[in-house]
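Residue numbering for the sequence shown is 10 to 428, as defined by the working numbering.
All residues carry an ideal CB built from backbone N, CA and C; glycine is no exception.
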Amino acid sequence: MYELIVIGGGPAGLAAACEAWDKGLRRILILERDKELGGILNQCIHNGFGLHHFKEELTGPEYAGRFIQRLQSTGVEVQLDTMVLQLIPGTPHQVHCVSAQHGYQILETQAVVLAMGCRERTRGAIAIPGERPAGIFTAGAAQRYLNMEGYMVGRRVVILGSGDIGLIMARRMTLEGAKVLACVELMPYSGGLTRNIVQCLEDYNIPLYLSHTVTDIRGHNRVEQVTVSKVDENRRPIPGTEMVFDCDTLLLSVGLIPENELTRQAGIPMDRRTNGALVYENMETQVPGIFACGNVVHVHDLVDYVTAESQRAGAAAAAFVQRAEQEAASLPLTNGDGVGYTVPQSIRLNVDKAQVMFRVGRVFHKSRIVVRDQAGNQIAQFPREHMAPGEMEQISLPKVLLERAVGGLTVSAEEVAEG
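See the structure below:
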């Protein structure tokens, strides 16, 4: 029987396994469905990773390589090309998986870390009208074709959505000789990091159309034209605002969905706002001994944040197996005005401090993050010069503040009047 099984060998799974090993666990197994470790980082050949964690700028494969190298210095077992089919909570937990090398296995473990990452929202999920020709890709699929498989996916490109992958692919396609005609965003603000808007669009003179969307796709065998229309405040297309682009490729960067089929099947309570599991401050789900971290909990913008969160999960899994954690009362944590969600959703009171991550629901300029308890008392506030939905916010709540709270806590964002 294993002490810990980590499902997923991307940046979250690697960090959690390494941390659990450092904390004293010795029977650890990583199950990864791809043919190599590293997850999505293997196709992210651009730089910008590791500024927080390693204090230097790395590419995605370099960042993954650091953790793979670290893993190889431990005794953590790895099974690649292995598909996990089912997770059955219990004492012990059971993990059902299948692979060509080992066949069908039923593995038992004291603790589990869920680190399955996320998947892309597709054309079907957003119901774009028009024909169904070749040349329509999700941005991540195009990134894999280009960076790992060596295929050029198109020459004249329109990108729908301004998420980070879409912005990065605008630059990547340009560098490979394609003409990126436009990046089109439904919302009145971009969904990506400010640095990516500057480095990937503005530096290459690629226009960004905010409050616009694709309303028609034309082409029989291959995409020939896409129609882009302006939208009103209800996000409905405005007649008479159509622009037609002659193109052969449409890339979709329209959101990521945490990969939680295993989680739901196991009966683990979910948060409809994040599409991930409900977690405590140490990343434990509502099922004792099952932890979740990284993009399977909520979609991150920086892999450095994934690493920090996953190390918390790995350390907590080790403490669970070693029975080092004491049960404690917990405070529920919810999102208030201006905040889309919070992770964690509950904080136990036996911690020195709790890291809280969240995204705001709109663009804020000079503002503050306010934490109040159920009685309306202000527990803490944090000033901010600028906040946007594309950039994750973090605050730290020390134990001394948590102990003052009456009932649960609410995190809100408030604009501060200038002057």
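- Closest option to Tyr213, judged by alpha-carbon separation, among Gly200, Ser220, Gln387, Cys192: Cys192.
- Under the three-pair Cβ rule at 8 Å, the region 40-57 counts as touching the region 150-158.
- Judged by pairs of C-beta atoms under 8 Å, the region 112-128 touches the region 326-334, as three or more such pairs exist.
- DSSP, reduced to helix, strand and coil, places Arg227 within a strand of the structure shown.
- Only exposed fits His61, as fewer than 16 other CB atoms lie within 10 angstroms of its CB.
- Listed in chain order, the beta strand (DSSP E) elements of length 3 or more contained wholly in the region 271-332 are 299-301.
- With a contact defined as Cβ atoms closer than 8 Å, Thr236 and Glu251 qualify at about 5 Å.
- The alpha carbon of Val85 has as its nearest neighbour, out of Met178, Gly18, Ala414, Gln295, the alpha carbon of Gly18.
- An exposed status is given to Gln81, since fewer than 16 other beta-carbon atoms sit within 10 Å of its beta-carbon.
- Taking all protein chains shown into account, Met161 has fewer than 16 neighbouring C-beta atoms within 10 Å of its C-beta and is therefore exposed.
- If only complete runs of 3 or more residues are kept, the region 38-67 shows the beta strand (DSSP E) at 56-58, in order along the chain.
- Counting C-beta pairs closer than 8 Å gives fewer than three between the region 134-145 and the region 286-295, which falls short of the contact rule.
- Straight across, the Cα-Cα distance linking Lys32 with Ile16 is about 19 Å.
- Around the CB of Pro197, fewer than 16 other CB atoms lie within 10 Å, so the residue is classed as exposed.
- Taken through DSSP and simplified to helix, strand or coil, Arg368 comes out as strand.
- Pairing Ser238 with Leu219, the inter-Cα distance amounts to about 10 Å.
- Between Arg204 and Gln295, the alpha-carbon positions lie close to 36 Å from each other.
- The beta carbon of Leu217 is closer than 6 Å to those of Cys192, Leu210 in its chain, skipping five residues each way along the sequence.
- If the five residues before and after Phe76 are omitted, its C-beta is found closer than 6 Å to the C-beta atoms of Leu23, all from its own chain and listed in chain order.
- C-alpha of Ile174 to C-alpha of Val263: approximately 10 Å in a straight line.
- Between Met178 and Gln152, the CB-CB gap stays under 8 Å.
- For the region 193-265, the continuous beta strand (DSSP E) assignments of 3+ residues that do not extend past its boundaries occur at 217-219, 221-227, 234-239, 252-255, 258-261, in sequence order.
- In this structure, DSSP gives Lys375 a state outside helix and strand, which the three-state scheme calls coil.
- Close CB contacts of Glu12 within its chain, under the 6 Å cut and outside five residues either way in sequence, are with Leu34, Arg36, Gln119, Val330 (chain order).
- Excluding five sequence positions before and after His229, the CB atoms of its chain that fall closer than 8 Å to its own CB belong to Glu140, Pro142, given in chain order.
- Assignment of beta strand (DSSP E) within the region 64-107, counting only whole runs of 3 or more residues, yields 86-88, 91-97 in chain order.
- For Arg393, same chain residues with a beta-carbon under 6 Å away, outside a window of 5 residues either side, are Ser376 in chain order.
- Sequence-distant Cβ neighbours of Cys127 in its own chain, meaning closer than 8 Å and more than five residues away, are Leu265, Ile266, Pro267, Glu268, Asn304, Val305, Val308.
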